[in-house]
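According to my numbering, the sequence shown is numbered sequentially starting from 1.
From the three backbone atoms N, C-alpha and C, an ideal C-beta is built for every residue, glycine too.
Since the model is a prediction, treat every value here as computed from it, not as a measurement.
First the structure, in the form of structure tokens, and then the observations on it.
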Amino acid sequence: MRICDWRNMLLHRGAPTNSGPVANDDFSSMANGTEVTALKCVVVGDGAVGKTCLLMSYANDAFPEEYVPTVFDHYAVSVNVGGKQYLLGLYDTAGQEDYDRLRPLSYPMTDVFLICFSVVNPASFHNARLEWVPELEEHAPGVPFLLIGTQIDLRDDLKTIARLNSMRESAITAEQGHKLARQVGARCYVECSALTQQGLKAVFDEAITIILRPKKRKRRGLRKRLWPGCLHCCPIT
Numbered sequence: 001m002r003i004c005d006w007r008n009m010l011l012h013r014g015a016p017t018n019s020g021p022v023a024n025d026d027f028s029s030m031a032n033g034t035e036v037t038a039l040k041c042v043v044v045g046d047g048a049v050g051k052t053c054l055l056m057s058y059a060n061d062a063f064p065e066e067y068v069p070t071v072f073d074h075y076a077v078s079v080n081v082g083g084k085q086y087l088l089g090l091y092d093t094a095g096q097e098d099y100d101r102l103r104p105l106s107y108p109m110t111d112v113f114l115i116c117f118s119v120v121n122p123a124s125f126h127n128a129r130l131e132w133v134p135e136l137e138e139h140a141p142g143v144p145f146l147l148i149g150t151q152i153d154l155r156d157d158l159k160t161i162a163r164l165n166s167m168r169e170s171a172i173t174a175e176q177g178h179k180l181a182r183q184v185g186a187r188c189y190v191e192c193s194a195l196t197q198q199g200l201k202a203v204f205d206e207a208i209t210i211i212l213r214p215k216k217r218k219r220r221g222l223r224k225r226l227w228p229g230c231l232h233c234c235p236i237t
């Protein structure tokens, strides 16, 4: 994988830019003239649940050293699916209420959303259903989304466990995540740790699979999928 500056796409390796939302059409081809399909993935969720770390750990293959609150950041990762090259655009968003009116500006032309919550922050788990699903239904109806549990490495952290116990709370389990995903209509539930990278690749493999999976045909009698999904037939690298 490699991370690329949006404004100098594939001309050289560069740093991510936060220059504002970029439409998919703005990076529809590689610098050498070879066509590449652009995919857009937007990450949403409460503040401080690990959205930025999730993206940076995946894009840079390294956990960021320090936390910087996000307004909007964009990243691009080159991925290969079944021998075909794709450019996966990763859009980071701020979860704070101050950005409620600005955040939806990054939603147009999105192929898939990741609704993130921290498994050691029960409030963020409940907000996934109460706040984030309704926001996507309002601003991006019909666009598929995944439910993502972050910071799973902290489930076994003694200080985190003590903090939760002091509030008479407990970490969110994988079973709870899968149940909520079914209830809110998420395509699937995946959990990961940006720090250890456990489950990290699976998050984006699932997102890419959902984008590329052929839509069901509306005609009766044609329910059989011609391509059941990338994860089962095409390697993603």
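Handout entry: For Gly83 and Lys215, the rounded distance between their alpha carbons
Key = Counted from its first residue, the sequence shown places residue 215 at position 215. Counted from its first residue, the sequence shown places residue 83 at position 83. Roughly 21 Å separates the two Cα atoms.
Handout entry: Whole-angstrom distance between Pro122 and Met167, CA atom to CA atom
Key = Your numbering for residue 167 matches position 167 in the sequence shown. Your numbering for residue 122 matches position 122 in the sequence shown. Taking the Cα positions, Met167 is about 11 Å away from Pro122.
Exercise for the section: Give the range of the alpha helix (DSSP H) segment to which Ser166 is assigned. Expected result: What you label residue 166 is simply residue 166 of the sequence shown in a count that begins at 1. Note, Ser166: alpha helix (DSSP H), 158-166.
Exercise for the section: Let me know the secondary structure DSSP gives Tyr91 once reduced to three states. Expected result: On the sequence shown, position 91 is the one that residue 91 refers to. It is a strand residue.
Practice task
Determine the burial state of Ile61: buried for a count of at least 16 other Cβ atoms within 10 Å of its Cβ, exposed for fewer.
Solution key: On the sequence shown, position 61 is the one that residue 61 refers to. The sequence shown places Asp at residue 61, rather than the Ile named in the question. So Asp61 ends up on the exposed side.
Handout entry: Distance CB(Leu90)-CB(Ile208) smaller than 9 Å
Key = Within the sequence shown, the letter at position 90 stands for residue 90. Within the sequence shown, the letter at position 208 stands for residue 208. Not closer than 9 Å, so no.
Problem - Beta-carbon spacing of Thr93, Val42 below 9 Å - result: For the purposes of this step, residue 93 is identified with residue 93 of the sequence shown, where counting begins at 1. For the purposes of this step, residue 42 is identified with residue 42 of the sequence shown, where counting begins at 1. Yes, the Cβ-Cβ distance between Thr93 and Val42 is below 9 Å.
Exercise for the section: Can you tell me which of Asn127, Leu146, Leu136 puts its alpha carbon nearest to the alpha carbon of Pro108? Expected result: Numbered from 1 along the sequence shown, position 108 holds the residue referred to as residue 108. Closest by alpha carbon: Leu136.
Problem - CB contact flag (Tyr58, Val203, <9 Å) - result: Counted from its first residue, the sequence shown places residue 58 at position 58. Counted from its first residue, the sequence shown places residue 203 at position 203. Inclusion of Tyr58 and Val203 in the CB contact set at 9 Å is warranted, their separation being smaller than that value.
Problem - Rounded C-alpha distance that separates Trp132 from Phe145 - result: As a working mapping, residue 132 is identified with position 132 in the sequence shown. As a working mapping, residue 145 is identified with position 145 in the sequence shown. Taking the straight line from one Cα to the other gives about 11 Å.
Exercise for the section: Can you tell me which of Gln197, Leu88, Gln183, Ala181 puts its alpha carbon nearest to the alpha carbon of Leu154? Expected result: If you number the sequence shown from 1, residue 154 lands on position 154. Comparing Cα positions, the closest option is Gln197.
Problem - Lys215 in three-state terms, based on DSSP - result: Locating residue 215 in the sequence shown gives position 215, where the first residue counts as 1. In the structure shown, Lys215 sits in coil (DSSP, three-state: anything other than H, G, I, E or B).
Practice task
Ignore the nearest five residues each way along the sequence and tell me which others in His178's own chain have a CB closer than 8 Å to its CB.
Solution key: By 1-based counting over the sequence shown, the position of residue 178 is 178. In its chain, beyond the 5 residues on either side, Tyr189 have a beta carbon closer than 8 Å to the beta carbon of His178.
Exercise for the section: Look up Ser118 in the DSSP assignment and give the residues it is bridged to. Expected result: Here the question's residue 118 lines up with position 118 in the sequence shown. Paired residues: Thr150.
Handout entry: Sub-9 Å separation of Leu114 and Gln151 beta-carbons
Key = The count along the sequence shown starts at 1 and reaches residue 114 at position 114. The count along the sequence shown starts at 1 and reaches residue 151 at position 151. No; because the gap between Cβ atoms is not below 9 Å, this pair is not in contact.
Problem - Test item: CB-CB of Ala171 and Val119 under 9 Å - result: Translated into the one-based positions of the sequence shown, residue 171 becomes position 171. Translated into the one-based positions of the sequence shown, residue 119 becomes position 119. Closer than 9 Å, so yes.
Handout entry: When Asp205, Leu200, Ile211 are compared against Thr110, the one with the closest alpha-carbon
Key = Counting from 1 along the sequence shown, the entry for residue 110 is found at position 110. Taking Thr110 as reference, the option from Asp205, Leu200, Ile211 with the minimal CA-CA separation is Ile211.
Handout entry: Supposed close pair Ser124, Gly45 - CB separation, criterion 8 Å
Key = On the sequence shown, position 124 is the one that residue 124 refers to. On the sequence shown, position 45 is the one that residue 45 refers to. Contact flag correct, Cβ pair sits at about 7 Å.
Exercise for the section: Please say whether Glu191 and Gly185 have beta carbons closer to each other than 9 Å? Expected result: Counted from its first residue, the sequence shown places residue 185 at position 185. Counted from its first residue, the sequence shown places residue 191 at position 191. For Gly185 and Glu191, no; Cβs fall outside 9 Å.
Handout entry: Alpha carbon of His139 to alpha carbon of Asp73, nearest angstrom
Key = Here residue 139 corresponds to residue number 139 of the sequence shown, with the count starting at 1. Here residue 73 corresponds to residue number 73 of the sequence shown, with the count starting at 1. Spanning the two alpha carbons is a distance of roughly 20 Å.
Problem - Chain-order list of residues whose beta-carbon lies under 6 Å from that of Asn127 (same chain, five-residue window excluded) - result: Here residue 127 corresponds to residue number 127 of the sequence shown, with the count starting at 1. The residues are Asp46.
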